[in-house]
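Counted the way the working numbering counts, the sequence shown spans residues -14 to 74. This report refers to the structure that appears directly beneath it.
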Amino acid sequence: AAATATASVSVSCHHDGAVVYKPRQGGAAAGVPEKRSSHKPSTLAWMQNIAETEGITGLWRGNQARMLKVAPACAIMISCYEFGKRIME
């Protein structure tokens, strides 16, 4: 269960990092192209901006803390699901 949770967090890490990074920048970041003036940049545009300004490793910033927070919660959730499934059989 813990391995599944860890893999899940690793895959979603880039998106989580970009989503967390957006509010810190206070809206639009310099160099992030906007499709329309009334719309905010997409998550992909934010991720590209992070990769360009901080390098690819910038996408992994905070990964360890996120893993320490999310992996145990996912492991507990999956274990409870499996336990409940056995009871229902």
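The C-beta atom is built at its ideal place from N, Cα and C for all residues, glycine as well.
(request) For leucine 44, count neighbouring C-beta atoms within 10 Å of its own C-beta (all shown protein chains included) and say buried if the count is 16 or more, exposed if not. (result) buried
(message) On the criterion of 16 or more Cβ atoms from any shown chain inside 10 Å, does proline 57 qualify as buried, or is it exposed?
(response) exposed
(message) If you reduce the DSSP assignment to three classes, tell me which class glycine 69 lands in.
(response) helix
(message) Does isoleucine 35 pass the burial test, meaning 16 or more other C-beta atoms within 10 Å, or should it be called exposed?
(response) Counting Cβ neighbours within 10 Å, isoleucine 35 comes out buried, since at least 16 surround it.
(request) Compute the distance between the beta-carbons of arginine 46 and glutamate 37, then report whether it is under 9 Å. (result) no
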